[in-house]
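In the working numbering, the protein residues as written are 13 to 94. Heads up, the beta-carbon is just placed ideally off N, CA and C, and yes, glycines get one too.
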Amino acid sequence: MPPDGAGRPAPRAAYPDHLRTVIEDYLAQLRFEVDPESAGLEEAMRYSLLAGGKRIRPVLALATAAAIGREPTSVLPLAAAI
């Protein structure tokens with residue numbers, strides 16, 4: 013009888029949840045200048061920005077910073093931009 017798990021692919025590595033949380037918190041605190049003429053624009057931008065998903069690149073940026081000995085939060089603006 014094969015051992016448990018034999019023939020099954022190894023589970024995918026999970027996103028580093030703590031790095032994802034750092035990115036999510038940073039994005040949530042961003043504020044944009046709002047002119048009266050573009051009052052609804054910030055709401056639309058925030059909806060798109062905070063909708064979730066597409067976080068692997070920012071997480072990789074933070075993980076890369078940590079791998080080279082830098083504080084991951086030092087690259088938050090860069091991570092948020094990508």
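- If you draw a straight line from the Cα of H30 to the Cα of D47, it comes to about 35 Å.
- Between R32 and V71 the beta-carbon gap is near 6 Å, inside 8 Å, which marks them as a contact.
- Under the rule that a run must span 3 or more residues, no beta strand (DSSP E) segment is found entirely inside the segment 36-85.
- Counting C-beta pairs with one atom in each stretch, the segment 74-91 and the segment 49-57 have fewer than three that are closer than 8 Å, which means they do not touch.
- Under the three-state reduction of DSSP, P89 is assigned to helix.
- Per the C-alpha coordinates, the member of V34, I80, A73 positioned closest to I94 is A73.
- Ranked by Cα distance from R43, the first of E49, V34, L61 is L61.
- Comparing C-alpha distances from E45 to each of Y38, M57, A75, R67 shows the shortest one belongs to M57.
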